[in-house]
Amino acid sequence: MAQETTLILFKPDAIKQDLVGTVLARYQAEGFKIRGIKMMALSDEILAEHYAHIAEMPFFPSVRGFMQETPVVALALSGDNVITRVRDLLGPTDSKEAAAGTIRGDFGEKAADSKMRNICHASDSTEAAEAELRRFFNEGEIVSY
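Residues in the sequence shown are numbered consecutively from 2, following the working numbering.
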């Protein structure tokens, strides 16, 4: 198995529902290790960079508004095949399609915003994880132990 580090962002819906500890416990129960964690407010600039693939879309202002409703928690998580395994634990992006027992199935929004209000963002590839970890963590904030 490949040892990897991924980025997870606990979105405002997770913050408002006090789900960070509950969801983090699920990740840790899988044997994943926390290598960095911090709460931060997301600027327009970081959101435009993170969501560059949709930044010109007409719905982007609502995504930006949602992601700025509260601070988010950025998490650097490591483990064997963590990128794929975390995404499996989360379930599909659309919470309405996520099965019970997955994080999004258990806690995600089931109404109109189910693709956006889905508890966590998680990197979808090694390349994305590397770029996203650099975007959300400064040098020295991700540690090995």
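Glycine included, every Cβ here is placed at the ideal spot set by N, Cα and C. None of the values given here were measured: they were computed from a predicted structure.
Sheet register partners of residue i (DSSP bridge)
i: residue 40; result: 74
i: residue 8; result: 77
i: residue 35; result: 78
Neighbour-count burial assignment, residue i, 16 or more Cβ in a 10 Å radius
i: residue 54; result: exposed
i: residue 130; result: buried
i: residue 14; result: buried
i: residue 92; result: buried
i: residue 109; result: buried
i: residue 26; result: exposed
i: residue 12; result: buried
i: residue 75; result: buried
i: residue 40; result: exposed
i: residue 117; result: buried
i: residue 58; result: exposed
Whether residue i touches residue j by CB criterion (7 Å)
i: residue 86; j: residue 123; result: no
i: residue 115; j: residue 97; result: yes
i: residue 143; j: residue 37; result: yes
i: residue 71; j: residue 9; result: no
i: residue 99; j: residue 105; result: yes
i: residue 90; j: residue 7; result: no
i: residue 49; j: residue 42; result: no
* Do the stretch 78–87 and the stretch 2–9 touch if we need at least three Cβ pairs shorter than 8 Å? -> Yes: at least three Cβ pairs fall under 8 Å.
* Would the stretch 129–141 and the stretch 26–33 be scored as touching if the rule is three or more Cβ pairs under 8 Å? -> Note that the stretch 129–141 does not touch the stretch 26–33; fewer than 3 beta-carbon pairs, one per stretch, sit closer than 8 Å.
* Are the stretch 15–23 and the stretch 60–68 in contact at 8 Å, needing three or more beta carbon pairs? -> Output reads no: the stretch 60–68 does not touch the stretch 15–23.
* Which runs of the alpha helix (DSSP H) fall wholly inside the stretch 59–131 and span at least 4 residues, in chain order? -> 61–68, 83–91 and 104–108
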